[in-house]
Amino acid sequence: MRGAHEGKIPTRNQPIRDFVSDRVAILMGMHLGAPSKPCVAKGDRVLMGQLIGEPVGPLGVAVHASVSGNVTAVEPIPYMTAEPMMCVSIRNDFKDEWVELNPLGNVETCDPALIVPAIKEAGICGMGGAAFPTHVKLTCREGATCDTIILNGVECDTHLTADHRLMLEEPARIVDGLRAAMRALDVKRGVIAIEDNKPEAIEAMSKAIEGRIGVEVAVLKTKYPQGCEKQLIKSITGREVPSGKLPVDVHTIMLNVATAHAIADAVIDGKPLVERITTVTGCVLEPGNLRMRVGTYLCDAIGECGGYSEYPGKIVCGGGMTGTCAPNHDVPTTKATNGIVVFNKPDSRSVEEGPCIRCGRCVEACPMGLNPYLIKHHCDMAKWDEAKKLNLLDCTLCGCCSYACPARRWLTASFKVAKANLAIAAERGKAQ
Ligand code: SF4
Ligand code: SF4
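Going by the working numbering, the first residue of the sequence shown is number 3, and it counts up by one from there.
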């Protein structure tokens with residue numbers, strides 16, 4: 003599935019530019035796993051990189067202040083979740099005073115046993131959208147082994163160019179992050195996967211890997227959803243991740259290029275994850291790629307990009323295919339916000355669902371080999387357990403089935419809701 007330019011033209015040649023807002027709202031639940039527990043109070047002065055949220059549970063991730071300044075509130079705020087989410091708001095004093103950092107130094111010579119603890123301390127989670135805790139991913143469970151780490155530089159979703167720019171502008175840092183992860187797990191093969199629609203990034207990364215041990219660049223055909231974890235692993239290694247299994251079950255770990263960059267920051271400089279590159283595009287006057295502090299409000303980022311060029315109908319956090327609709331522009335970015343895409347009113351109108359005509363196009367379109375129309379049938383009746391039996395949990399929410407469906411069935415949206423319900427049930431220990 004490919005359009006003329008997938009909405010990437012307005013920003014693909016826009017260099018990364020820094021934007022620092024005078025306030026941030028840092029959510030405690032930016033990662034997959036239990037929300038972190040705030041450890042600061044209203045009125046406290048915090049330094050940049052200071053721990054403000056302690057990890058909770060096995061998938062817990064540390065949260066740090068992304069600016070120095072005063073804490074103005076510690077309270078739940080409305081977010082894209084069913085319930086309001088706990089948040090620490092900070093007024094920026096623009097001094098950028100850091101806490102004391104503990105760098106490990108050169109990724110090739112530091113003690114490999116200290117790399118994963120440094121990543122954990124830095125609060126890194128997957129920055130390609132999934133937000134899975136990176137230190138957990140890089141801790142192979144008992145008996146599991148990994149021989150290949152793949153860096154995902156595919157960025158196949160529409161509108162996004164943040165990873166593309168990062169590969170162009172800071173390729174050596176990305177390779178440093180990959181090498182750190184390889185050394186932590188004693189993995190001999192590292193592959194940076196890039197689609198062939200990014201020739202400049204391929205050139206920059208190919209140059210950056212010169213002389214680096216065990217690292218290669220793999221050029222892939224441009225095809226949505228090439229960047230989905232299981233598809234990419236198959237393309238690179240020829241290995242198929244079985245239904246219900248993880249990449250590590252086929253001896254592979256995948257990280258996003260931005261995550262690798264954050265790993266390098268954590269190892270080389272001791273810096274926690276407090277900023278990231280986000281593509282701000284769609285109906286804004288000056289689309290661009292902004293390096294922003296975690297917790298920047300969407301409206302502040304949009305303002306930095308000249309404001310709206312048309313009356314907004316919908317704001318999506320993430321790419322056009324897999325992103326999540328924001329309730330309004332008064333919500334903050336997270337560690338996983340790779341895009342802010344503003345759609346105008348006509349492009350945001352919701353389409354009535356038609357009845358399924360059993361044409362089978364959704365089945366043909368599904369890269370995971372699922373039966374979307376049947377899964378949707380069970381989802382419509384809230385039979386999550388039946389949907390699960392049809393491998394709903396393998397669904398990557400890529401949107402291909404919805405795109406292909408002539409009846410405009412709300413397939414992907416239903417699967418998102420169903421997966422969220424199953425996750426809540428699992429969390430409560432009542433998985434069906
Ligand atoms: S969103 Fe649709 S096409 Fe994509 S994996 Fe899920 S069921 Fe398959
Ligand atoms: S593509 Fe749409 S109409 Fe066709 S089988 Fe799938 S859900 Fe039904």
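The beta carbon of each residue, even a glycine, is placed where N, CA and C say it ideally should be.
| request: Would you mind working out which of Val101, Val109, Phe21 and Val282 sits nearest Val318, comparing C-alpha positions? | output: Val282
| query | When burial is assigned at 16 or more other CB atoms within 10 Å of the CB, is Gly9 buried or exposed? | reply | buried
| request: May I ask you to report which of helix, strand or coil DSSP gives Ile215? | output: coil
| Could you give the residue range of the beta strand (DSSP E) that holds Met256? | Thr254 to Asn258
| In the structure shown, what three-state DSSP assignment does Pro249 receive? | helix
| query | Apart from the five residues just before and just after Ala6, which ones in its own chain have a Cβ nearer than 6 Å to its Cβ? | reply | Because Ala6 sits at a pLDDT of 46, beneath the cut-off of 50, its placement in the model cannot be relied upon, and the point is left open.
| message | If you reduce the DSSP assignment to three classes, tell me which class Val101 lands in. | response | coil
| task | List the endpoints of the continuous alpha helix (DSSP H) containing Glu231. | result | Glu231 to Thr239
| task | Could you round the C-beta distance between Ala195 and Val250 to whole angstroms and report it? I think they count as a contact, below 8 Å. | result | About 17 Å; that fails the 8 Å criterion.
| Bounding residues of the alpha helix (DSSP H) (the contiguous stretch that carries Thr13) | Ile11 to Arg14
| query | Counting Cβ pairs closer than 8 Å, one from the segment 367–381 and one from the segment 329–343, do we hit at least three? | reply | no
| query | Does the pairing of the segment 201–221 with the segment 168–179 give three or more beta-carbon distances under 8 Å? | reply | yes
| request: Run through the segment 163–230 for me and flag every whole alpha helix (DSSP H) of 4 or more residues, listed as ranges in chain order. | output: 164–171, 173–187 and 201–210
| Nearest-angstrom Cα separation, counted from Ile426 out to Ala433 | Unreliable positioning characterises Ala433 in this predicted model, as indicated by a pLDDT of 39, which lies under 50. A coordinate reading is not provided.
| message | At a threshold of 7 Å, does Cys285 count as lining ligand 2 (C-beta to nearest heavy atom)? | response | no
| said: Less than 8 Å between the C-beta atoms of Lys337 and Cys327, yes or no? | reply: no
| Sub-8 Å separation of Ile92 and Pro86 beta-carbons | no
| field | CA-to-CA distance, Lys385 to Cys307, given in whole angstroms | value | 44 Å
| field | In chain order, each beta strand (DSSP E) run of at least 3 residues that lies wholly inside the segment 37–64 | value | 53–56
| So, is Arg4 buried or exposed, given that buried needs 16 or more other C-beta atoms within 10 angstroms? | Only weak support is given to the placement of Arg4: the predicted model assigns it a pLDDT of 45, under 50, and the value that follows is read from those uncertain coordinates. Arg4 should be labelled exposed.
| said: At the level of alpha carbons, what is the spacing between Gly213 and Asp178? | reply: 12 Å
| query | If you draw a straight line from the C-alpha of Tyr81 to the C-alpha of Val118, how long is it? | reply | 31 Å
| request: Starting from Thr280, follow its DSSP beta bridges and name the residues at the other end. | output: Leu292
| message | Measuring alpha carbon to alpha carbon, tell me which residue in Leu153, Ala220, Gly130 and Asp198 is nearest Thr324. | response | Gly130
| said: Could you check whether the Cβ of Cys400 sits closer than 7 Å to any heavy atom belonging to ligand 1? | reply: yes
| said: Closer than 8 Å is the cut-off here; do at least three beta carbon pairs connect the segment 180–195 with the segment 143–156? | reply: yes
| message | Helix, strand or coil for Arg360? Go by DSSP, reduced to three states. | response | coil
| request: Return yes when at least one heavy atom of ligand 2 lies under 7 Å from the C-beta of Lys378, else no. | output: yes
| Among the residues of its own chain, which have a CB less than 7 Å from the CB of Thr13, if the five just before and after it don't count? | Thr163, Thr281, Thr283, Pro289, Gly290 and Asn291
| said: Let's test the definition: count the other Cβ atoms within 10 Å of the Cβ of Tyr226 and tell me whether it reaches 16, buried, or not, exposed. | reply: buried
| message | Using a 10 Å radius around the Cβ and a threshold of 16 neighbouring Cβ atoms, would you call Ile215 buried or exposed? | response | exposed
| request: Mind checking which residues open and close the beta strand (DSSP E) that includes Gly152? | output: Strictly speaking, residue 152 in this sequence is Ile, with Gly absent from that position. Run containing Ile152: Thr150 to Asn154, per the beta strand (DSSP E) assignment.
| task | Return the residue from the list Val217, Asp382, Val269 and Thr335 that minimises the CA-CA distance to Cys301. | result | Thr335
| request: Counting only the same chain and skipping the five closest in sequence on each side, list residues whose C-beta sits under 6 Å from that of Glu123. | output: none
| query | Could you check where the alpha helix (DSSP H) with Ser68 kicks off and where it finishes? | reply | Taken as a continuous stretch (DSSP letters only), Ser68 belongs to no alpha helix (DSSP H), as it is neither H nor E.
| Taking the Cβ atom as the reference point for each residue, do Val259 and Asp113 lie within a distance shorter than 8 Å? | no
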